[in-house]
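Reviewing the structure listed below.
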Amino acid sequence: MDIELRGVEVASLFKLNHLFVPAHEKVLIFGPSGTGKTSLLHLIGGLWRPLHGEILFNGINLCGMRDNELSHFRRRQVGLIFQRMNLIEHMTCEENLSLVSTQRNGEYEEVLSKVGLLGKLKVKAGSLSLGEQQRLAVVRVLLQNPQVILADEPTSSLDEVNAFNVMQLLLEASQKKTLIMVSHDLRLQNHFDRCLDFGKMIA
Numbered sequence: 001m002d003i004e005l006r007g008v009e010v011a012s013l014f015k016l017n018h019l020f021v022p023a024h025e026k027v028l029i030f031g032p033s034g035t036g037k038t039s040l041l042h043l044i045g046g047l048w049r050p051l052h053g054e055i056l057f058n059g060i061n062l063c064g065m066r067d068n069e070l071s072h073f074r075r076r077q078v079g080l081i082f083q084r085m086n087l088i089e090h091m092t093c094e095e096n097l098s099l100v101s102t103q104r105n106g107e108y109e110e111v112l113s114k115v116g117l118l119g120k121l122k123v124k125a126g127s128l129s130l131g132e133q134q135r136l137a138v139v140r141v142l143l144q145n146p147q148v149i150l151a152d153e154p155t156s157s158l159d160e161v162n163a164f165n166v167m168q169l170l171l172e173a174s175q176k177k178t179l180i181m182v183s184h185d186l187r188l189q190n191h192f193d194r195c196l197d198f199g200k201m202i203a
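Under my numbering, the first residue of the sequence shown carries the number 1, and numbering increases by one thereafter.
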């Protein structure tokens with residue numbers, strides 16, 4: 001799914017004249033904290049509306065949608081992996097995953113094993129470590145099977161081995177999808193088709 005931003009402005013934060021991400025491209029956006037990288041993902045994901053400008057998915061302007069239309073579009077097309085993971089802590093890992101997928105337990109276990117969470121299916125999300133919660137949040141979005149994946153520092157709480165496993169899973173699951181990821185970890189840049197310095201993109 002092609003994504004294009006034209007003349008996007010967020011009050012007192014940044015202005016972005018143009019960004020085009022063609023379907024299936026993998027883009028890494030890096031830059032200093034506080035410049036608005038997370039806000040950019042919120043805009044692309046339809047969680048925020050810009051003060052000015054257009055956000056286009058295959059030529060369809062999200063800014064022209066009503067709230068209920070935008071919510072429906074987002075649920076079907078966009079997977080959001082943010083630092084605030086929005087897991088339901090009193091529910092088990094299985095129950096959290098079942099909110100977005102109807103796969104069988106064995107299939108859940110298979111994908112959980114890829115991120116080092118084998119055997120955690122019946123464990124409550126709130127009892128997991130921060131790194132484990134982050135990995136569960138990644139798995140939940142991938143099971144949603146969106147056309148566009150937006151990821152904000154998905155490896156920030158992970159050691160090198162788990163960070164590598166999560167990246168491999170992301171790349172495997174996004175082979176025919178569009179992936180836009182924000183990260184300070186430039187060790188990841190070789191996994192992406194294009195790396196963009198956000199500080200040079202905005203005014």
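We treat Cβ as the ideally placed atom computed from N, Cα and C, and that holds for glycine.
Are the beta-carbon atoms belonging to residue i and residue j less than 8 Å from one another?
i: Gly53; j: Arg74; result: no
i: Ile81; j: Pro154; result: yes
i: Lys37; j: Phe198; result: yes
i: Leu158; j: Gly131; result: yes
i: Leu143; j: Val78; result: no
i: Lys26; j: His184; result: no
i: Leu41; j: Asp152; result: yes
i: Gln103; j: Ser156; result: no
Using only the alpha-carbon positions, how far apart do residue i and residue j sit?
i: Leu150; j: Leu170; result: 11 Å
i: Ile3; j: Glu89; result: 33 Å
i: Thr178; j: Lys122; result: 32 Å
i: Cys63; j: Ala11; result: 16 Å
i: Leu5; j: Met65; result: 15 Å
i: Gln134; j: His18; result: 31 Å
i: Val141; j: Ser98; result: 11 Å
i: Leu28; j: His72; result: 26 Å
i: Ser33; j: Val182; result: 11 Å
i: Arg69; j: Gly59; result: As written in the sequence, residue 69 is Glu, which differs from the Arg given in the question. Roughly 16 Å between the two C-alpha positions.
i: Lys124; j: Leu87; result: 10 Å
i: Ser174; j: Ala203; result: 31 Å
i: Glu110; j: Asn145; result: 16 Å
i: Gly106; j: Met201; result: 44 Å
i: Leu112; j: Asn162; result: 12 Å
i: Trp48; j: Glu160; result: 33 Å
i: Leu196; j: Pro22; result: 14 Å
i: Arg76; j: Ile180; result: 17 Å
i: Lys176; j: Met91; result: 31 Å
Would you list the one or two residues that DSSP bridges to residue i?
i: Asp197; result: Phe30
i: Gly79; result: Ile149
i: Lys124; result: Thr92
i: Met181; result: Leu28 and Ala151
i: Glu54; result: Arg6
i: Asn61; result: Leu56
Check for me: the alpha helix (DSSP H) holding residue i runs from which residue to which?
i: Lys37; result: Lys37 to Ile44
i: Gly131; result: Leu130 to Gln144
i: Leu171; result: Glu160 to Ala173
Quick one: what's got a C-beta closer than 7 Å to residue i's C-beta in the same chain, skipping five residues either side?
i: Phe20; result: Glu4
i: His136; result: The sequence shown places Leu at residue 136, not His. Excluding sequence neighbours, Leu136 sits near Leu87, Cys93, Asn96, Leu117, Ala125 and Leu128.
i: Tyr108; result: Glu94, Leu97 and Leu121
i: Leu13; result: Gly36 and Ser39
i: Lys114; result: Asn165 and Leu169
i: Leu205; result: With the chain covering only 1 through 203, there is no way to say anything about residue 205.
Whose C-beta lies closer than 6 Å to the C-beta of residue i among residues of the same chain, with five residues either side of it excluded?
i: Val138; result: Ile81, Pro154 and Val166
i: Met1; result: Ala23, Phe57, Asn58, Gln147, Val148 and Thr178
Near residue i, which residues of its chain fall below 8 Å by C-beta distance, leaving aside the five closest residues on each side in sequence?
i: Pro50; result: Val8, Glu9, Val10, Leu43 and Cys63
i: Met85; result: Gln133, Gln134, Leu136 and Ala137
Hey, could you find the ends of the beta strand (DSSP E) residue i is sitting in?
i: Gly7; result: Ile3 to Val10
i: Asn17; result: Phe14 to Val21
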